[in-house]
Amino acid sequence: MRFTRQIPIASLMLSILVLWQPTLADSRSDVPWNREEKTPSVWDKNKCLGGSSQSFRLGGELNNPATYNLQKLQNLRDTLKKQNPALITEITVSFQTGSGPRTETYYGVPLWELINNPKAGGGLKPGNSGVNSKNSFLRQYVLVDATDCYGAVVAIGEIQPNFEGKTVLVAFAKKGSDGKIVPLIDEGFARLVVPGDKAGGRYVTNVTNIVILSAPPSPLKPKYF
């Protein structure tokens, strides 16, 4: 007899739960992971719109951060050539692109001089030396960004004269088909030129940032054998 009396009570409790479910669903929609974002995300605020670059910012771990446009970059090249007439500011390169092989002659400022010459970046600042500070500049690298967020890295050891000594160029002009020097109209006012690269992936066009950074300390813990 007692068992049969409990059946209506159980049915009533089930009915209440069924009616309560929408309320639970509504309340769950207000939790942070279900709530629709009402403010722009950091990616929206900093998204890259692309387009042609008119200037780039030189910064990071160097003494003289500055902004360069076409005229300033041309003036710097002229100043550097007066200081050292033997300085290489013209490079002919061949590289592979998505549309096939390409050979161009570019004119500009060597990346090493842009960073280190007193008339330009003024030299490297010490970066993150990690645990072992020997040759700490070999942990530093140059990040080159484009207006569309494309980017590439050049290690300082690649351009340091006492190591690989590669003449990477920040170019602002090239030789046209008629042999005349023409500006980089279709590539922004400046682009990166990395001789020796088989593919043109690091030939960043529409340069907007050139930043010197350091690699972080290794996440690997030393093992003793």
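Using mature numbering (1 follows the signal peptide of the UniProt record, and there is no 0), the letters of the sequence shown map in sequence onto residues -25 to -1, 1 to 200.
Glycine residues also receive a C-beta, built at the ideal position from the N, C-alpha and C atoms.
Under 8 Å, do residue i and residue j count as touching if we go by C-beta distance?
i                 : j                : result
leucine 48        : valine 84        : yes
isoleucine 63     : threonine 183    : no
glycine 175       : phenylalanine 70 : yes
arginine 177      : leucine 188      : no
phenylalanine 31  : isoleucine 185   : yes
valine 106        : proline 170      : no
phenylalanine 164 : leucine 24       : no
leucine 55        : valine 145       : no
alanine 148       : tyrosine 43      : no
Ignore the nearest five residues each way along the sequence and tell me which others in residue i's own chain have a CB closer than 7 Å to its CB.
i            : result
glycine 98   : Leu37, Asn38, Asn91
leucine 113  : Ile131, Gly132
alanine 41   : Leu33
glutamine 29 : Asn44, Phe164
threonine 72 : Gly175
Three-state secondary structure (DSSP) at residue i?
i                 : result
phenylalanine 138 : coil
serine 111        : helix
leucine 195       : coil
asparagine 39     : coil
threonine 180     : coil
isoleucine 160    : coil
threonine 67      : strand
glycine 126       : strand
threonine -3      : In this prediction, threonine -3 has a pLDDT of 47, which is less than 50 and means its spatial position is unreliable; what the coordinates show is noted afterwards. Helix at threonine -3.
cysteine 103      : First, the amino acid is wrong: residue 103 is asparagine here, not cysteine. It is coil, neither helix nor strand.
lysine 149        : strand
aspartate 120     : strand
asparagine 44     : strand
To the nearest angstrom, how far is the alpha carbon of residue i from that of residue j?
i              : j              : result
glycine 35     : lysine 100     : 9 Å
glutamine 115  : glutamate 88   : 16 Å
serine 108     : glycine 102    : 10 Å
lysine 173     : glycine 154    : 24 Å
glycine 75     : lysine 198     : 47 Å
asparagine 137 : asparagine 110 : 12 Å
proline 60     : aspartate 53   : 10 Å
leucine 159    : glutamate 65   : 14 Å
proline 194    : valine 179     : 30 Å
asparagine 50  : threonine 80   : 20 Å
lysine 196     : proline 93     : 39 Å
leucine 118    : lysine 22      : 18 Å
Excluding the five sequence neighbours on either side, which residues of its own chain have a C-beta within less than 6 Å of the C-beta of residue i, listed in chain order?
i             : result
tyrosine 125  : none
valine 157    : Gly151
threonine 78  : Ser69
aspartate 120 : Gly126, Thr183, Asn184
Does the Cβ of residue i have 16 or more other Cβ atoms within 10 Å, making it buried, or fewer, making it exposed?
i             : result
threonine 67  : exposed
lysine 57     : exposed
alanine 95    : buried
aspartate 161 : exposed
valine 128    : exposed
For residue i and chain D, any beta-carbon pair shorter than 8 Å?
i          : result
valine 117 : Looking at the structure shown, chain D is missing, and only one protein chain is on hand.
Near residue i, what residues of its chain come up, given a Cβ to Cβ distance below 8 Å and the 5 sequence neighbours on each side ignored?
i          : result
serine 27  : Thr122, Gly163, Phe164, Asn181
serine 104 : Ser111, Arg114, Ser189
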